[in-house]
Each structure stands twice: as C-alpha cells, then as structure tokens.
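Residue numbers (our numbering), protein chains in the order written: chain A, 1 to 497; chain B, 1001 to 1977.
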C-alpha cells in the first residue's frame, strides 16, 4: 500500500540521491515491486531501476550507477573497543612520556578531566616496538597485531566532542552526541542495501561481557526505517526468535505456512495493487530462509583446527575464547554477504572501572593486561583470515573507540582519565593505503596537533570508500536533510589507496 | 513531494512575472515602491545569504550605510552611474551570484535601480523578511494568520459530496487532479476502521453483527459516539501524544536508569483526552501546570512533559563538558516544545540562525532562558492544605525521633567517652600492626586443614558494616617444615585445586564480574566484591598450613578510595570437615584500623548488661517511631521536574558552545511569528514560573496560527495515515506543503471554535464521506496520486505495534483492561552502575495489559513492539515508519507470546463451544464451527468455502491452536481497509 507514512525506500532514495528540488516524482515507483526489493533494504539502488524481484539471484552491481565515486569496498567490518582505549598505550608511541615521567603536564597542572584532578605525566608501562616495513611502533602488548601494521592506516589525531562514555560511543557510531540518530551501519544499509538473500544486512556482535556504554543506541536505525536496524547476535546468542518453538513440529510449521499462504493470497487477490501485501508474504519466505542459513553461519564445526587455533577459539581464557568465536563469526557473516558488521571487544562501565572495558581509570596495568590478550590474537587472526581469503580486497576494516586517555595519571591512581582531545582510530583493507599514519597528537599525546581529525572526517572517508559523498547521502527528518556527518566532515585523502 | 515541487515552480513562475512585467513597462514608479517590489526581492533572494550577516568580502547589503560603504574592493554602487558601479559590473559579467547568475530581467532591474539613484530605505533589509527560493521568510504559509476560508462549492461537487464541509474541500481538490472519490465502504469495513481508529482495538463479533443489523439512519453516528465515549479512546490517542512528546521512562544515555514514577503523566494524558479537556489547557498545563494550578495534582503533573526526555546524569567533573551536557538537556526541552506545539524546528537554531526558516539564534536562547530553571527530578505534589496536614502529622513523630536519636547519641557518646578514658589499659593487647589493604598476613602454628574461613565483623571504613569490602587475592600457604614437601605453596590458588565461596554483588549480564573466585585466580585485579561476611576457601586436599595473606589493593594504586574498601575486624577459622571450626587468627590482637574501631572494641569490652539492655530499648523505640512515620501516607512524588530560579543574564552560545557567550537575550516569544502574534519580552530577572507561563499563554493565544494548524494536522494525520502536511512536527521550509491549505485553515478554525475540545473534531472528520470511502485500489487514480494524498480512496494502513499486540490479547480473550498505575515490563531490568534492558522470552499474565501501559524505557529492544516500528523515545516521533522485515515474521511465528495467545484463543473457542444443536454433533461440523468462530474473532468475518476447507484440514491434523497461530500471521489481521 503506497502510504507515505511508510517513508518508503524509493522516497528516501530520491531524497537522498537526487536533488530535492530536481526530483519531480515518479509515481509509479511506489507501486511496482519496490516493496519487494525494499525488504531488508536489499539492493535499493539497483531496484529503483531494475525492479529486481527477490527471487532473482542475478548478481547485482553495487550502487548501480547511483554512487558518486567508484566504490572500493563492498562491506564494512567495524571493530569497537568501548571504554576509551588508550592511544598512548596501544597505538601511538610517545617517547616524551618516558622522558618526562613524573613531571607535571606543562600548562595543564590544574586541568579537571572527567573524574576530576590529574596527577603528573605517566609513561606507558609497556615498551613499543617497530613493526613491519613501515616501522610504525605499537605497544608490545599487541604482538599479534604487529604483523598487520603495514596494512593499517592510523589516524592519530582523532578528536571527540565529549569526554563521556555514553555520548562518546553514540558519537563515534552515529556522528551525533545525542541519542536517536542512525548508526553508520544503518546508514550503509540504507545506502547500499543487502547483498544476500538469507541474512540480515547489518549485524552487531556484542561482547560476551555485555553491551557497550549506551547499549542499543549504538546500533540504532534512529529515524531510518526499521529495516536498517542492526540485528544482534553473537557466537553465544543466536538471532532472537530464530528457532521454531518446541511445541511446533516441522510438519505443523509447513502446513501452517501453507494455510497462511492461501489466506494471504486470497486476501491479496481482493486487494490488487497493494504491493505491501506481497512484500509481507515475501518477508515470511525470507524469514524461513534465514531460519536455515543463520544457524549455518553460526555453526563453526566446518572450520579447520588450524583456523580455530589461529583465532584462539579454544583458549583457556574464556573471555578470549568467546571473543575469538565472535571474530570468526564476523568473518563468516562478511563472507556470506552481510554488508556491515559491528564487532565489540569489551562492554560497559561496571562496579569496578576498567573491569569490563578499556576504561582504565585506576589500574592501567592490570586492566590492559586483562584486555589486550583478549583482543590481540583473535583480532589479528580475523584480519589474517580476511586477507588470506581475499576478502580484504573489498572489505573495509575500521577500528574505533570513543576517545583516548590522558597522558597523566589520574590523581592518587595508576590509571588514566578520559581524553577526547586526541586519540587514535584506524582503518585498513579495501581502498585504504596501508602502512600510513595521518596526524599526530602533541609530544605527550594530550591533544591532536598535526591534522586534527573528527569523527565526521573519519566517516566522510568511510563513505567515500563505499562510493558515496557524505554530503549527498541524506535522509529528511524533522526540519533537515540529515547526514551521518551532520553538517561537517572532510574526506581524509591521504588515507586512500 | 510532487506537491512541494508544484508550489516551488509556482513561486518561481510568479516571481518571473513580477520581475519581467513591470520592469519593462513602467517608467515612473515611486522609488520606494520600485525598491520594495522589485529590487528588494533580488537582494534578499540572491545576495543577502553571503552579503548579509556573513559579510563576505566585507560587503553587507542590509543597510544603506553599509551598502554605500562597500566591501573590500571598495564602493559597490555609484548612484546614477551603473557603468561605474561594481555591483552592476559583477552581476552583468555573471561573476555574482557565483553559482547561478541573475536573469537578464533581474540585471536590468538592478541596473535601472542604480541609474535612478540607488534608493535604499532607512530600515535595514531582513533576510527573513521574504520567502525565497531557498528559504522561508516571515511570509511563509504556516506563519501567516489563519485565513477565513469557506468550503468551496463548485458545480462539480455531487450532492452526496456537498453536504459535509470537509467533503467540499476534498472533492474540489480531487477535481483539480482529475480524480474522483471512491464509493462508501461496507459496514464491516467501517466499524473495523472506526474502532481501531478511535480505540486501537478490534471490534468484537457482537459489535460487528449489531452494527450490521442496525438500520437506523444515525447508526454510524451512534457508533462514533459510542467509541468516543469509550475509555479506550484516551488510551489509543494518548499513545499518539506520548509519541509526539518523546515520553520515556528511563533517563537515557550511559546510565539510563529506569524511572518508576513517570507513569502518572501517561495516565494524565489518557485521562485528559477521555475527559475531552480543552487541548489549549493541556498545552498550558504541560508547560506550566505548577504555575497555573499550584496544589492541583491533576494539573501540576503536566510538567512531566518538560522532563520526560533523555538527559545525561553521569556527573562530569570537567566544567566545560558539564556545561555542554546541561545545554544538551535544555536543548531537548526546546526541541520538544517547539516541535510538539508549534511544528517549528527551533533546535536547528542552536548554533546559528536557522538555515531554512526565519528563526533566529536569539529565539533559541530566549527559550533557553525560559527553560533554564528546569531540573530533571521528582517533585512532591499536593495542595498546601495536604502538605500542611502531612507536616502536622509528621511533626511530633520527627520530634520524637530526633529526641531518641539525641538520647542514643548521648548514650553511645558516654560509652565511648568512658572507653577513651581507659584506652591506655588496652593498648598492650594490640601489638600487631592494623589490617592493611596492601596485604594482611596471619601466621599461626601449623594446622591440618581442608577449609579456611574468613569472617568479617567490620570493614575498614565502617566498624558496623560487614559487606561491600573487597579482596583482590586471598592466599593460604602450606607450612615449610617437612622438607619433602619442598617450599611453601599457595594452596588456595584455583590452579592448585582451590575453590572459593562467598556472596558477591551481581552484574546480571556478566556473571563472573565480582565473584569470590577472583580471590584465588592468582591475579590482583579485579577483586571480589563481598555481599556477605564470609569467604570460605576449600583446598584440593588436606594440607598443613601456617599462613594466610590477603589484601584489597595489593598494588597500592587505590590508596584510601572506596574502591579498595577492606576488612577491619575479622577472624580466621580452619576446618577439616566444613562443620567443626577452629579459630587460628583474628584482628583482636591487631591495632584497630581507626579510632572508631578502637572505641568499638573497648565499648564491647566494658559494656554492662544493664547498658546492653538500654541500648536494645532505644533501638526498639527508634524502630517504632520509624514504623509510625512510614504509616503516614506520603504525598505523591512524581517525575514532574523541579524548578529553580535561574537568574540571567542569558547569552547566545556562539556556535552552540556554552564557552562562547554572545549577544544578551531575555525570555521572550520567538520572533518567527512576530507578524502574526502579539509577542512578549520579559526582564532577565522575571520569575522562572512567569517565563514558562508566558510562553504557554503565547503558544495558546488566539492569534497564534501555528498551534491550531499543527494540532488539526495531527488529528488528520492519525485519522488518514498522513497529514494534510506530511511532516507533522515541521511546518517550515524543509517540511511538506499542505495538500489542502484551505481545509487545514478551516479545520484549525474549527478546533479554536470548538474551544479546543477534540472529540467533536474527530466526529466531524469521521462523519465525512471522505473518511467513509472504500480503500479499493484504482490503477488510474494511483498513477496520478499513488499515496492517495488527495484521498481518492481511504488509505489502507498497517496496525501499529501496540494495536497488533493488543489485538492478539483481545482476540485470545486474555486482555487485562486494568487502566492506569505503574506500567508492566516486557524486559528484564538490570543495574550495575549502568542499566541493561534484556527482552523477555516469556510474557506472563501480568503483562497482558494494553501496550500503552508498558514501561517505556529508552534504548531497549522489545519483541513485537520494536519489530513493528514502536519508536525508541530518544526523540519525538511525529509519524511512525511502517516497515516490513523478516524479523517481524520470525517474532510472529516463533515468540512464545504468539504460541501462548494461539493456545488461549483455541481454549477460548473450545470453551465457548459451538452453538448447541442438540444431541451428537459430527466432528467435521464441530471443526467447521470452530474455524468460523476463529475467523469471526480474528477478522470480523466468516471464512469462505475454500478457506474453511483448508483451515479445517489444519485443525484436524494439528489442532485448533495451529489455526490460531496462522490467523495471527495473516495480512488481513494487521492491514486495515
């Protein structure tokens, strides 16, 4: 039923991709097959012209000419380490911290950060080592990640608008510090649609330790239609309501679906032209296919022992083993054509700072000695595996966190407080120039100094690699054509291959 | 969209006519008139966006003085000499405006203007003065006063479509599109449509039958009257309003703590609609209920509107960030207010003047000043009399309590004083150092043990507490005698087979978070957080031990912070069988950790039986008083906000940053409606309550055209699925244009003349032929107007999430119509510093109430509700999306709620039984009757033969519940004609 309250996908696309004023409305697109194609937001752009029915398995071209640039990536893996992972203890070497350890941070002696007063400068407890041909130094706490440094493009000059976890995570994921905006994954689902017939377009894999700060707002579809929301699953928890209830036999299910089809066909016959009815019937068929394929994707019994060992899925540390299985799940989802995967390593704030996530306020050493081993090997294995399988050719990998940490220790502790003024994120894979670093913080790691970059710049670059201008990928909501990059953002060209 | 395009094209065409016509014809117009009519539109339209406030190139064309002064390149006009004027040169050479040059006619006008002396009025040009191609001005359609419109009566309107004013408007618009309306829908369709529309529930089979049978002329009117009188009307339409005002029952952001006392606002909205409270009154109560009805709980509760949005309460120590967070909180209130009541996106003016609407940044900060005193908090509600009465009842009890507490303190003080006097006598008993967070060691004679127990009788911060201490590692060492055993070993370690048991605080979503096992994992971080006084470590086998060592902060990083709270007083016992215990060490011979601990020890030593009795008596008496205090009913304390005087001066925040204060502002009406309404300006020190009251008065003033327009459009939106304006909270330039501008103004006037009582407006709309049309698809009409914005048919719609859930409950005969009060939950709420909401897998009968009574927490995902587009209330939702996803199918086929409801419906049908026909009844006949009943209950119709046969087959094979599950999944159930 072509009802404008649906904010239907065609409409959105027109709004998004054509000039508002230039579009004079093709009334027919609302009627013909568009609802079918809009299920799961699948290949929206293609469907607009081709009216591709879901049954058709013909290969689809990404974006089908609606892209503003030649796309380099077809899908995205975003690894998120919530809690504010320390840039100067993981990714950006700051020799001056060794040199001036124990001395006040010049000019900021009285600075009040999130939890209050800071003490003096504090060196990183771990040495840094040069890696690969690029010689970029990262912490020796990440020995497995070291092998990928030549493929990584670091942005060492990231900045955030907020020093608080909730808004920070939401900002890093949606480009806005307040709740309610669509996440990057939802935008990409909206922009590119699905590339598979049996799995969701956008999947979020929360950590076994729980949800990140601000929970589900991090993978919300915001004001985008609900089909762009992330489906939550991990190696420990399947998609909700995927399985047939125990009371219902396979035969009963088949007979029930048969009757349902008959009743719906009957009803549809009395409502010719209302394609929404066909769309809903198709959604039931799709759900049935998903019931078959989703358990397949989570079943890792077909993986070789070498692969399992590479990831560490049987590691004695249960947190590491759980995260490793999620890493493997991420690869399997990407392989099957899931467009955007959010993979979380760690979770929320708790009764002990830094226990469940990277928020090392008081005990940096013990916190990171707990988190780094969980993160290092499985993540590195995932990257290796993607590379070996050729998936990195058209998969963009992002590593993100909501902010960095202070170069000083927090008063009366051996941890570091939040620092939104300078931190590191990185990307690698499709379209990315590996072995590069963009921007730096000052000599202590306190503030972005060279080429300060924003979350918006980061996503402008991501969208560019996916073939979109971040200024033209828009959706109208209450007074404004909204964007992932708000009203900001510049593509960081030096990161591009 | 096409409509908007038409309007735009129209505007351009008209502009063209204005420009070309007179410019080439008239020669001798008055300079002021010529300027106003021809020059000003070009300057405002094409020049001011750069050469106004932005002063690009140093050039400002808003005032005469600035124009004559010119820009960085010098003077831009030479009055009387166009060929020497830079401005003319630039526009002729098409250098300016840079993207789209002026038309020849426009260039000619500017040239002539300069040639004729370059008249410029004394008052400055205002970029907001006129609507242009790219933005709205004060003359924007929605900002103009309501026009007095009469329903059109062209000849084309047939008799049946000329009776009702709404039909006249709709029919006339259809005619211009070459469309005609659809015939009237049948009675079954009408009662289903109207019942869902007004109550969100399906009609019962009896109601359908009765209406179909009712041949009275006013049967339909009676139906509408009955539905409007139903208490379910307020529940359904109340839910609409709760969407619009982003009503949520958790705080949002990282902590997102649930709010358990916000539900009275939900009940208030429902009650107000059921009572047909004038809507302007409802608006005033929501903005200033505490001011206009102090002490009236039913009025004061309205202010929950102000504080039911999300806010960040994490507590930032960084002052700049804390100020930003506060600004975000007020921003939510500004946006909610301007969008819900006025359809204005004032929020877009936070960092700069609005890019598309004539809303100044100063307007935003005038509202900021208006709301600056709002605190998101509970407020005790009641009349002065009630408050006094309660205070009167409490006074003697609190007095008695204070006396007892004083007495108790005095008594304990004397005990302590006596203890202090004799402290020296005891010092000799305490020779060992006090327990230390960094590490506390107990060495004792070698003893054979299987179990080691720590019993805590006071933490190191509070001698009276025995929980909430932490232990990062607890070591049990074997004796080093017996050389064969080698060096001493820590046999408590889990790696050595040790086990640890002790109650811990729980993080429900991460089971291992604070467990006792952390004391024997060989790592100092993280610690066990104790929820009980005991830790028992069981060794793998009997061992000869002579030492334990334990700590809460082995690294010393935490110092004296609460996060390393440790034991103060303790005892250590060992046992071989876990039943008979032998004490091996205690803190009794250590120095006390604080003076309070010391005094407690001495008091316990010196206290007499008589004193013990006295202490017990006082404790009993205190408990008794507390019990009596608790018996006095508290006044309602609800989440309706508190209000502090917020004194100015108030400033614009330049670029939205609280650190960059700009122009001074006062609480005032937004200038956006300055041409239509009588505004107000208050002094910077006007009382906080006065600011909100004035705003409420202004929003509901008879000359405010937006409030009734926006409200009338919302009603239309919910009745027809799309408003006359399809962006119900945005009547600005970026929003939709009205499909029926005359009808909108007429309807808005009806709202005002009905004294803002909505029930008669509902009836007005629903008794139109427009509303009663069929929804049948018509290919040719759809080719012209696919979405039926012009209403050539009644637009079919899908039920909302709430309607779907309530429908299943109602059909299954399980719906619990208990109205009001605290909400139910379809999630499990967990709190451990931050909150987590997990969707329930099983819904119990306590959840079988109408969905509007669900506790509406933010950032939750709820089966059925979220699947079917029930919004997260982080933002207002002026219109819901309507999506179709496979997740809906998974939920509707597989969630236990569906299975439960299918079973209940089957049981209901079985229990109600077939109509008695006497004697034995064949199985097929019984099945057929059951199938018929299932169809009637679910779809308000009987099955046809084919449906009957297929359904009966399923019932025979798999039982009635299988059919019920299938019925719940039919399109017909959730799509409404």
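Note that beta-carbon positions come from the ideal geometry of N, C-alpha and C, so glycine has one too.
Minimum Cβ-Cβ distance from residue i to chain A less than 8 Å
| i | result |
| --- | --- |
| residue 1749 of chain B | no |
| residue 1373 of chain B | no |
| residue 1022 of chain B | Here the model assigns residue 1022 of chain B a pLDDT of 39, short of 50, so the residue's position is not dependable and the matter cannot be decided. |
| residue 1777 of chain B | yes |
| residue 1555 of chain B | yes |
| residue 1120 of chain B | no |
| residue 1969 of chain B | yes |
| residue 1314 of chain B | yes |
| residue 1321 of chain B | yes |
| residue 1729 of chain B | yes |
| residue 1895 of chain B | yes |
| residue 1919 of chain B | With a pLDDT of 48 at residue 1919 of chain B, under the threshold of 50, the predicted position of this residue should be treated as unreliable, though the coordinate-derived value follows. With 8 Å as the cut-off, residue 1919 of chain B does not count as an interface residue toward chain A. |
Which of helix, strand or coil DSSP assigns to residue i
| i | result |
| --- | --- |
| residue 1176 of chain B | helix |
| residue 1717 of chain B | helix |
| residue 1344 of chain B | coil |
| residue 399 of chain A | strand |
| residue 1961 of chain B | helix |
| residue 1323 of chain B | helix |
| residue 156 of chain A | strand |
| residue 119 of chain A | strand |
| residue 1786 of chain B | coil |
| residue 1945 of chain B | helix |
| residue 1773 of chain B | strand |
Proximal residues of chain A, C-beta to C-beta of residue i below 7 Å
| i | result |
| --- | --- |
| residue 1514 of chain B | 351 |
| residue 1965 of chain B | 256 |
| residue 1861 of chain B | 216 |
| residue 1811 of chain B | The contacting residues do not exist; residue 1811 of chain B stays about 15 Å from chain A at best. |
Contact list for residue i against chain A, beta-carbon separation under 9 Å
| i | result |
| --- | --- |
| residue 1958 of chain B | 248, 249, 251, 252, 255, 256 |
| residue 1954 of chain B | 252, 255, 256, 258, 259 |
Where residue i meets chain A, residues with beta-carbon distance less than 8 Å
| i | result |
| --- | --- |
| residue 1734 of chain B | 476, 479, 480, 481 |
| residue 1494 of chain B | None at all; the shortest Cβ gap to chain A is about 12 Å. |
Minimum Cβ-Cβ distance from residue i to chain B less than 8 Å
| i | result |
| --- | --- |
| residue 184 of chain A | no |
| residue 421 of chain A | no |
| residue 243 of chain A | yes |
| residue 303 of chain A | no |
Cβ-Cβ distance between residue i and residue j below 8 Å
| i | j | result |
| --- | --- | --- |
| residue 1893 of chain B | residue 1814 of chain B | no |
| residue 1652 of chain B | residue 1665 of chain B | yes |
| residue 1232 of chain B | residue 1199 of chain B | yes |
| residue 379 of chain A | residue 152 of chain A | no |
| residue 1976 of chain B | residue 1193 of chain B | yes |
| residue 1340 of chain B | residue 1269 of chain B | no |
Listed by chain order, chain B residues near residue i by CB distance under 7 Å
| i | result |
| --- | --- |
| residue 284 of chain A | 1889 |
| residue 178 of chain A | 1328 |
Under 9 Å by beta carbon: chain B residues contacting residue i
| i | result |
| --- | --- |
| residue 231 of chain A | 1887 |
Chain B contact residues for residue i, given Cβ-Cβ distances below 8 Å
| i | result |
| --- | --- |
| residue 308 of chain A | What residue 308 of chain A touches in chain B: nothing, since even the nearest Cβ is about 23 Å away. |
Counting pairs of beta carbons, one from the segment 440-449 of chain A and one from the segment 389-408 of chain A, are three or more of them closer than 8 Å?
-> Cβ pair count under 8 Å is three or more, so yes.
Any 3 or more C-beta pairs closer than 8 Å across the segment 191-205 of chain A and the segment 249-269 of chain A | Not touching, per the Cβ criterion.
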